[in-house]
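Per my numbering, the very first residue in the sequence shown carries number 142; after that it's consecutive.
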Amino acid sequence: MSARTSTRSLRIHDLRAAIGSQHKPKRENHGSATAFTLIEILIVIVILGIMATIVIPQFSNASHQAKENTLKDDLRYLRTQIGVYKALHRDVPPGVTGSFLDQMTLYTDEEGNTSATKTAVFKYGPYLSRMPSNPLSMKDTIKLTASLDLKTEVDDTTGWIYNAATGQIIANQSGADSGGAGTPYAEY
């Protein structure tokens with residue numbers, strides 16, 4: 142074999158090696174596998190599912206408790222505003238001489254007559270910008286009653302129950318709160 146032939150065959154060998162290395166990716170050994178197996182992925186999904194079943198009910202219970210607290214706050218606010226109206230109108234609660242909602246959301250005179258605009262005569266109020274919705278039923282309507290025991294009138298048809306003669310207002314909501322005592326909503 143001549144020097145020329147051996148150089149030529151060496152070049153062909155180098156060329157084949159170079160072409161072969163381009164078509165075959167090199168595998169690098171990192172010491173451990175980098176991919177997850179199907180069973181590992183399934184185990185993670187099952188664990189996440191178990192955690193979700195534990196956590197989600199706690200959030201929904203917190204949401205319901207927030208609505209109950211809002212109901213308490215709304216009742217406190219309504220009762221305060223009814224008391225303010227009564228104090229400014231000769232100890233007469235709203236709804237006795239006119240519409241409860243109008244007397245609470247419009248300007249009034251001392252006798253309880255209403256006006257959409259404030260004047261020297263219609264100088265009281267408004268006590269509410271609007272009637273709040275019962276946060277549990279999302280109803281803002283009012284059931285007027287002459288009953289002295291408003292709890293017997295609860296039927297879930299409106300958001301609130303109001304007695305104009307006494308100035309009492311309660312939530313028209315059956316059931317009890319989620320607290321330890323289980324206080325009926327009508328007793329808030």
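Note that CB positions come from ideal geometry on N, CA and C, so glycine has one too. This one's a predicted model, so the numbers in the text were calculated from it and none came from an experiment.
DSSP places residue 309 inside the beta strand (DSSP E), whose first and last residues are 309 to 312.
Excluding its 5 nearest sequence neighbours in each direction, residue 178 has no C-beta neighbour in its own chain below 6 Å.
Taking all protein chains shown into account, residue 252 has fewer than 16 neighbouring C-beta atoms within 10 Å of its C-beta and is therefore exposed. In the DSSP assignment, the residues bridged to residue 284 are 302. For residue 241, the enclosing alpha helix (DSSP H) stretches over residues 241 to 246.
Closest in alpha carbon position to residue 307, among 217, 288, 218, 284, is 288. In the structure shown, residue 278 adopts coil according to DSSP, grouped into three states. In this structure, DSSP gives residue 193 a helical state, which the three-state scheme calls helix.
Beta-carbon to beta-carbon, residue 189 and residue 277 are separated by about 32 Å, too far to satisfy the 8 Å threshold. Residue 299 is positioned such that its CB atom lies closer than 7 Å to that of residue 280.
Residues 323, 324, 325, 326 of the same chain have their beta carbon placed closer than 8 Å to that of residue 317, with the five preceding and five following residues left out of the count. For residue 204, DSSP assigns no beta-bridge partner whatsoever. Checking the DSSP bridge columns, you'll see residue 325 partnered with 317. Per DSSP, the beta bridge partners of residue 265 are 249.
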